[in-house]
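Be aware that the sequence shown starts at 24, since it is given in my numbering, and climbs by one per residue.
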Amino acid sequence: MAVDFSHYYYYPCLQCSEPEQIAYRELADDDKDAILPIIELSQIKNEASFFETIQSVKSLLLDRPFILDLSKDRAPAAFIPKQNPDHAKIKKLQDAHDNYNSQLVALLSPIDGFAAWRACVSEFPHAIPVLQFTDPATQGKSILRQAAQFWKAGYTRLAIRVNQECGDDIYPVIGQIISFLDSADQLIVLVDCGQGRTHIPDRAEFAKKAVARVSEELDSSQVLSLSAVCISDTFPGQTETKVYDSYSWELWREASTSFPFLYGDYAANRRIKKQSTYMPGEWKAQVVYPLPESWIVYRHANTQDAQGWVEGSRAITAHSHFDDGVSCWGEKILKFAVTGQLDPYASARFWHGAKINMHINRQIRYARDVAISGFEF
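Here is the structure:
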């Protein structure tokens, strides 16, 4: 895909959960055209196979360009209840997860320049592949071969993700990859600062140091063409009913004092690494409305009460911070609930999807305004 990375102001990073798929699917075409999403192949839900993940992403993105990555999170162990366990059902679930994990391990194998991953990427003709690795200290040659084989196969745009766990060994490899490209702007560096509401200065410093280390490996003319996205998210965990500031833009601003980063986040989706398939029996309705750099969050007091989505929608639209500043599917659901109507959206997955859908809609416009108007450090 002959994509100009600088054309996009916002890079939402999405996995393949049902709410994230709903959120993207329900975006208007103009919103889909305005973003270059980073899609991480991941398990959709319990028992879902890797094949189902591939088919879902194909049907979701169709012929639009996107950056294709791979979540390294394994499918969790099957939960075994202490009382009256259904061993046949548990075995079926565990077998499905073992199969998913075996395919994940194969895709992360460095053999022949990550050949299994390259074969997987070939399923998506409009994808920009993220180069895979698990240990850059020992896989340098395999990463280079992976990049070279993608280039040989006609992929004129590539991506690579770095985070705080990578170590410094990855940066010389990035320099070597850029050296055989026609231009540095054909590789985009995804600087992933992670999620969480703490250590914002430290994470911004990581982003600055990461792009500085890449720049050290390049000629000065190449540095001017380098593209990099600063990715982070600070959506809160167990939330009370209140307004929560987002610190992702604060992190981006600090990181951008030394390099003109593009902006990305996890689309207000808090990722949790599951240790087992256990699902708590109780839930509380939550409604979230995104502002440019914060969220109005309503968490219902009662458990398992669908009326909480109605009361939450009414509370949010009556809130002093509510600005009616998004126009999308998620906003329509919220205003539909204000009238007391929930059907057919009386399910947490739709409200989770509505939050993500509204957040993307808001950030598309805010990121564009920030880029066009500039900002003061």
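Beta carbons: idealized from backbone N, C-alpha and C, even for Gly.
Fair warning: this is a prediction, and the values are worked out from it, not measured in the lab.
Cβ of residue i within 9 Å of Cβ of residue j?
i	j	result
Tyr-401	Ile-387	What is shown of the chain runs 24 to 400, which leaves residue 401 out entirely.
Gln-172	Arg-220	no
His-149	Arg-87	yes
Val-237	Leu-249	yes
Leu-91	Pro-152	yes
Lys-95	Leu-131	yes
Gln-218	Tyr-289	yes
Pro-42	His-375	yes
His-120	Glu-63	no
Ile-339	Tyr-368	no
Asn-331	His-323	Here the sequence assigns Gly to residue 331, which means Asn is not the residue at that position. Taking 9 Å as the Cβ cut-off, Gly-331 and His-323 qualify as a contacting pair.
Ile-183	Leu-154	yes
Pro-108	Ser-299	no
Ile-201	Ile-166	no
Arg-293	Pro-315	no
Can you tell me whether residue i is helix, strand or coil according to DSSP?
i	result
Phe-400	Because Phe-400 sits at a pLDDT of 36, beneath the cut-off of 50, its placement in the model cannot be relied upon, and the following sentence gives the value as read from the coordinates. Three-state result, Phe-400: coil.
Gln-261	coil
Ala-176	coil
Ser-281	coil
Tyr-34	strand
Gly-353	helix
Thr-362	coil
Asp-346	coil
Thr-221	coil
Pro-152	strand
Asn-292	coil
Tyr-47	helix
Tyr-389	helix
Ala-341	coil
Ile-395	helix
Gln-330	helix
Val-26	coil
Leu-274	helix
Ser-440	Outside the modelled stretch of the chain, which goes from 24 to 400, sits residue 440, for which no answer is possible.
Pro-42	helix
Using the DSSP secondary-structure output, state which residues sit across from residue i in a beta bridge.
i	result
Ser-317	Asp-268, Leu-314
Ser-299	Ala-100
Pro-410	Not covered by the structure: residue 410. The range shown for the chain is 24 to 400.
Arg-473	Because the chain is modelled from 24 through 400, residue 473 falls outside the range shown and cannot be assessed.
Ser-250	Ile-211
Glu-63	Asp-92
Asp-256	Gln-218
Arg-322	Gln-309
Ala-287	Looking at the sequence itself, residue 287 is Gly, so the reference to Ala does not match. According to DSSP, Gly-287 bridges with Tyr-34, Ile-254.
Assuming residue i and residue j make a contact with CB atoms under 8 Å, what is their CB distance in whole Å?
i	j	result
Ile-356	Ala-377	5 Å
Phe-284	Ala-291	Incorrect: roughly 19 Å between the Cβ atoms, too far for contact.
Ile-379	His-344	The Cβ separation is near 20 Å, so there is no contact.
Gly-136	Pro-159	Incorrect: roughly 14 Å between the Cβ atoms, too far for contact.
Leu-213	Ile-61	7 Å
Ile-254	Phe-28	Not confirmed; about 14 Å, so no contact.
Gly-233	Val-185	Gly is not the amino acid found at residue 233; the sequence shown has Ala there. Contact flag correct, Cβ pair sits at about 5 Å.
Ser-336	Val-310	6 Å
Answer yes or no: the CB of residue i versus the heavy atoms of the ligand FAD, is any distance below 8 Å?
i	result
Asp-328	Ligands displayed in this structure: none; no statement on the ligand FAD is therefore possible.
Residue ranges of each beta strand (DSSP E) within the stretch 65–141, 3 or longer: 89–93
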